[in-house]
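What follows is one structure encoded as structure tokens, with my remarks underneath.
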Amino acid sequence: ETECKKIPRGVEIHIYTSETARDRCLREIFLAKKILPKNCNDFDLKDSCEDIHYQLLSEWSIQQNNVSLCNLALGKRDECYLHFAISKDNPKICELIDSNATECWGGFRGGGGCKYIKNDCYLHFAIKRLNVDFCNKIEHKEKIGPTRSECIREVVEKSKNASLAQSVNITLCDTFPSYLQDSCFSDVAYITKNPDICEGIKDMDERDNCFFSLAKKLKDGMICYRILPLSCRPRNCLNKIFGYDTPKPPDPNYYNVSICDIVNFTTEQRDRCYMHFALKTNNPSICEKINDTHSDRIEGDRNYCYRTIAYELKNKTICYKLPSEEEIKKECLDACNKKRKAKDCSKYCDKVSKENSVKGCLDYISMKESSTTASQKPSK
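In structure tokens:
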């Protein structure tokens, strides 16, 4: 111990735990001798000292069948209770755990890096005893798991209890706080094998993960096509289930543009969503919804949307739906400054006009019509 204290403070040796050489040396000494440190100030990190108390007192409490020893475990008392409850297979010990106590890993507090210890205790016994009554004891405080629906999902999965799965429905989520509604919908969809419930999820990533989990569980490639087609996610979903021997996609009209307004998109994501549906269905009225704030195109996304559909349908009337000259110049400046960061953007965009944009659109369609007509003429 004396030699450990000679090691300079603050010399880190572990990239994840930030445990220092000094603390590691002291920890190995105290654990080997099975004695508690008298002064945590000898350590660089208080957590290192508390962890020694936790490991030794957890071990002694179980050996002596004396849970009260956990009260001496400094900041790790509740982790000690959890360890004792699991080791002794005694769910009543869960009640001793502070409902606000959390256990975090990777040094993070909040989000996916933590869990409520008391809830985790109930989750353990719910799964071990296949009893959802323990799930109902779980309290929701923050967006930190485990949740009641997650607990029920685990029990259903392990028990293979069809009647239990059938007893679960979307009303389970009515008692959940708003910040846990999406995760509850995802769990209920998985339990009931009903992808329609995923449609009610507002967070894009949570919604897509809901469909992916069900597609994988049911080995149903059509569910992959319900993932928002704004990236490679539907294809990745199919590849993970079927490899490259994938089923054919459903009718293009299977997707509904209203999803762009339901899901919690950023403005840029929503514009991409509108663009996707407009081009997929060749519907120029959807182009009007595009905000164009984040466009990288010099002509603007809305302009591009109209022009592309006009070309595809060879419909010259759509060319006249292009934005006003003021909007075209603004979109040009925004995109130019963002993409080129050039000093001559104003000079460049002054040459852009609605008249020229419409003319370019009409000329392209005429050229396309001419080439089509020429290709259809019989060869002599």
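Residue numbers (the working numbering): 165 to 544. Beta carbons are placed, not taken as given, at the ideal position from N, Cα and C, and that holds for glycine. Fair warning: this is a prediction, and the values are worked out from it, not measured in the lab.
Reference P201, options Y389, K518 and C168, closest by Cα
Here residue 201 refers to the residue found at position 37 of the sequence shown. Checking every option, the nearest Cα to that of P201 belongs to C168.
Please classify R191: is it buried, with 16 or more other beta-carbons within 10 angstroms of its beta-carbon, or exposed?
Locating residue 191 in the sequence shown gives position 27, where the first residue counts as 1. Burial call: buried.
For E214 and S263, the rounded distance between their alpha carbons
By one-based count along the sequence shown, residue 263 stands at place 99. By one-based count along the sequence shown, residue 214 stands at place 50. Those two C-alpha atoms are separated by around 20 Å.
Which residues bound the alpha helix (DSSP H) around E214?
On the sequence shown, position 50 is the one that residue 214 refers to. Run containing E214: K210 to Q227, per the alpha helix (DSSP H) assignment.
Return the bridge partner residues of E314 from the DSSP annotation.
Counted from its first residue, the sequence shown places residue 314 at position 150. E314 is not bridged to any residue.
Are the beta-carbon atoms of I473 and N446 separated by less than 8 Å?
Here residue 473 refers to the residue found at position 309 when the sequence shown is read from its first residue. Here residue 446 refers to the residue found at position 282 when the sequence shown is read from its first residue. Contact flag set, yes.
C496 versus S510, C424 and D253, residue with shortest Cα-Cα distance:
On the sequence shown, position 332 is the one that residue 496 refers to. Nearest of S510, C424 and D253 to C496, Cα basis: S510.
Out of T339, H247 and K197, state which residue places its alpha-carbon closest to the alpha-carbon of N229.
Along the sequence shown, read from residue 1 onward, the residue named residue 229 stands at position 65. If we check each option's Cα against that of N229, H247 comes out closest.
On the three-state DSSP scale, how would you describe K366?
Taking the first residue of the sequence shown as 1, we reach residue 366 at position 202. Three-state DSSP puts K366 in coil, outside helix and strand.
Is it right to say T430 is buried, meaning 16 or more other beta carbons lie within 10 angstroms of its own, or is it exposed?
Taking the first residue of the sequence shown as 1, we reach residue 430 at position 266. By the 10 Å Cβ count, T430 comes out exposed.
Those residues which DSSP pairs with E267 across a bridge:
Counting from one through the sequence shown, the residue named residue 267 turns up at place 103. Per DSSP, K279.
Check whether F187 and S212 have beta carbons under 8 Å apart:
As a first step, residue 187 is located in the sequence shown; it is residue number 23 there, counting from the start. As a first step, residue 212 is located in the sequence shown; it is residue number 48 there, counting from the start. A quick correction: the sequence has Asp, not Phe, at residue 187. Yes. Within cutoff.
Cα-Cα separation between S521 and C513, rounded to whole angstroms
Stepping through the sequence shown from its first residue, residue 521 is reached at position 357. Stepping through the sequence shown from its first residue, residue 513 is reached at position 349. Cα-Cα distance, rounded: 12 Å.
So, for H304: in the same chain, excluding its five sequence neighbours on each side, which residues have a beta-carbon less than 8 Å away from its beta-carbon?
Sequence index remark: in the sequence shown, residue 304 carries index 140 (1-based). For H304, where only same-chain residues beyond five positions count, the Cβ hits under 8 Å are T311, R312, F340, P341 and L344.
Buried or exposed (CB count within 10 angstroms, at least 16 for buried), T266
Within the sequence shown, numbered from 1, the residue matching residue 266 stands at position 102. That one is buried.
List the whole-angstrom C-beta distance separating C337 from V320, where the pair is believed to meet the contact cut-off of C-beta under 8 Å.
Working through the sequence shown from its first residue, we reach residue 337 at position 173. Working through the sequence shown from its first residue, we reach residue 320 at position 156. 16 Å between Cβ atoms; not a contact.
Please state whether DSSP places E183 in a helix, a strand or coil.
In the sequence shown, counting from the first residue as 1, residue 183 sits at position 19. DSSP places E183 in coil when its eight states are reduced to three.
Quick one, are the C-beta atoms of I424 and F441 less than 8 Å apart?
Within the sequence shown, numbered from 1, the residue matching residue 424 stands at position 260. Within the sequence shown, numbered from 1, the residue matching residue 441 stands at position 277. Reading off the sequence, residue 424 comes out as Cys, not Ile. Taking 8 Å as the Cβ cut-off, C424 and F441 qualify as a contacting pair.
What separation, rounded to the nearest whole angstrom, lies between the Cα atoms of Y438 and C348?
One-based indexing of the sequence shown puts residue 438 at position 274. One-based indexing of the sequence shown puts residue 348 at position 184. When rounded, the distance between both Cα atoms is 28 Å.
Spatial neighbours of R471 within its chain, please: C-beta separation below 6 Å, excluding the five flanking residues on both sides.
The residue labelled residue 471 in the question sits at position 307 within the sequence shown. Excluding residues within five positions, the ones whose Cβ falls inside 6 Å are C525.
Do you know offhand how far I355's Cα is from I529's?
For the purposes of this step, residue 355 is taken as residue 191 along the sequence shown, with counting starting at 1. For the purposes of this step, residue 529 is taken as residue 365 along the sequence shown, with counting starting at 1. For I355 and I529, the distance between alpha carbons rounds to 52 Å.
One question on the structure: do T166 and I177 come within less than 8 Å of each other, judged by their Cβ atoms?
Position 2 of the sequence shown, counting from 1, holds the residue named residue 166. Position 13 of the sequence shown, counting from 1, holds the residue named residue 177. No. Outside cutoff.
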